[in-house]
Ligand SMILES: N[C@@H](CCC(=O)N[C@@H](CS)C(=O)NCC(=O)O)C(=O)O
């Protein structure tokens, strides 16, 4: 059977969290880093946008739907449905962080100030207080929520926002632990270094 294919721009954006889940889960997949979104490609996308994931008979877009599918399929969820609901809320908080970051990046000083002084500190504080004595957000295993938070911390550090984490040692420790994990280290070392977004 052929392996899954993940299609996204040659960027981190809304695609990198999916790559992180796939790599952490040890999924052998084909990486399709797309240049311009041509009409031909767009016509294959349910809502005309990337990311896009194909796995056997499944062809799906919408980043959260793709992640939810991968998290279920490769056991990155919690101990019960209540925990799964909470895990999803943390994953969505990471999506809020990216949305606010993009607004700040594209917008003026007001959006940047809102990101730096309001949104980012609020979300990072919530993540920091949720990380338990095992170093995870939920129980004693890495879940979708840990990987989403990892990717957000990784993205913000990469975008030179280190100062946001001066009072968040647990977020930094989670990032370090996963960055050095045998599941993610090879991918992180081999992914393209010169992408802009
Ligand atoms: N809600 C969608 C948003 C998808 C989206 O905004 N995709 C962007 C890239 S991150 C895109 O395809 N932009 C190109 C275009 O719209 O032409 C998701 O989470 O997947």
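Residue numbers (the UniProt record's numbering): 1 to 197. The C-beta atom is built at its ideal place from N, Cα and C for all residues, glycine as well.
In whole angstroms, what is the alpha-carbon distance linking residue i and residue j?
| i | j | result |
| --- | --- | --- |
| residue 125 | residue 10 | 31 Å |
| residue 186 | residue 75 | 21 Å |
| residue 102 | residue 120 | 12 Å |
| residue 95 | residue 2 | 31 Å |
| residue 196 | residue 175 | 21 Å |
Skipping 5 residues on each side, what residues in its chain have a beta carbon closer than 7 Å to that of residue i?
| i | result |
| --- | --- |
| residue 60 | 53, 66 and 69 |
| residue 173 | 135 |
| residue 5 | 29, 30, 32 and 54 |
| residue 45 | 52 and 61 |
| residue 49 | 61 |
In chain order, what residues of the same chain have a beta carbon less than 6 Å from the beta carbon of residue i, not counting five sequence neighbours either side?
| i | result |
| --- | --- |
| residue 104 | 111, 112 and 115 |
| residue 63 | 14 and 51 |
| residue 100 | 115 and 119 |
| residue 170 | 128 and 131 |
**Q.** Complete runs of the alpha helix (DSSP H) confined to the segment 146–185 [at least 4 residues]
**A.** 169–179
Q) Are the segment 155–168 and the segment 116–132 touching, with three or more C-beta to C-beta distances below 8 Å? A) yes
**Q.** Those runs of the alpha helix (DSSP H) which lie wholly inside the UniProt domain "GST N-terminal" (2–78) and span at least 4 residues
**A.** Listed in chain order, they are 16–24, 39–42 and 63–73.
Q | Stretch pair the segment 135–152 + the segment 73–93: three plus CB contacts closer than 8 Å | A | yes
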